[in-house]
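Q: If you read the sequence shown in this note's numbering, its first letter stands for residue 1311, the second for the next number, and so on.
C-beta atoms are modelled at their ideal positions from N, C-alpha and C, and glycine is treated no differently.
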Amino acid sequence: MLTLLAITAALVSVQPESETQMSAAESLAREYMVHYSAFDLDAMETYLAEDVIFSDPTALGEGLDENGLYHEGRAHTMEALREFDAQYGVLELGFEWDTVFESNGRVVFTGHVNARYPTQDPDQHFRWRAEQVTVITVRDGQIIRQDDFANYAGPDQGMVPAR
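(1) Assign Met-1354 to one of two classes, buried (16 or more other C-beta atoms within 10 Å of its C-beta) or exposed (fewer than that).
(2) Let me make sure I understand the geometry here. Which of Gln-1331, Phe-1419 and Ala-1359 has the alpha-carbon closest to that of Ile-1344?
(3) Starting from Thr-1483, follow the alpha helix (DSSP H) in both directions and report where the run begins and ends.
(4) Measure the beta-carbon distance from Tyr-1462 to Leu-1370 and round it to whole angstroms, keeping in mind my assumption that it falls under 8 angstroms.
(5) With contact counted as at least three CB pairs below 8 angstroms, one residue from each stretch, are the segment 1354-1364 and the segment 1447-1461 in contact?
(6) Would you say Val-1410 and Ile-1446 are within 7 angstroms of each other, going by their C-beta atoms?
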């Protein structure tokens, strides 16, 4: 009985103060992901550490190898994102997260990306929807790493009405 009491006391001592209390890392990552979802590059940039790493090893496409996308540094990352925006005219990434949790400064988002792009018809957008996991690593109040994993091989894509 004494052993059971000691184990219970030890487990209680490692539980968070409140199950509903969000960590500072999760709060910051959620704020950042709102801007990433809207593809607001200027706002996103303010969250990134100078030496941030942006990685998407699942990315497919011309000029990419088996390592997908990998950018080191805020300037390089933002340059790549701005080039992507200039090429495709991203309207939004439109993330829908089914699950979000934080552990050890890593905030894991699991759900879908619902990217929308303009078309020649102002009443229609091209939508690219796929499963996505994003892991945001936060240290000292800044994002030091972003790892995206998307189902590039099996997206649901096509024309949808413009909003």
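A: With the structure as the only source:
(1) buried
(2) With the sequence shown as reference, residue 1344 is identified as Val, and Ile is not the correct amino acid for it. Checking every option, the nearest Cα to that of Val-1344 belongs to Phe-1419.
(3) No answer is possible for residue 1483: the residues shown for the chain start at 1311 and end at 1473.
(4) 4 angstroms
(5) yes
(6) no
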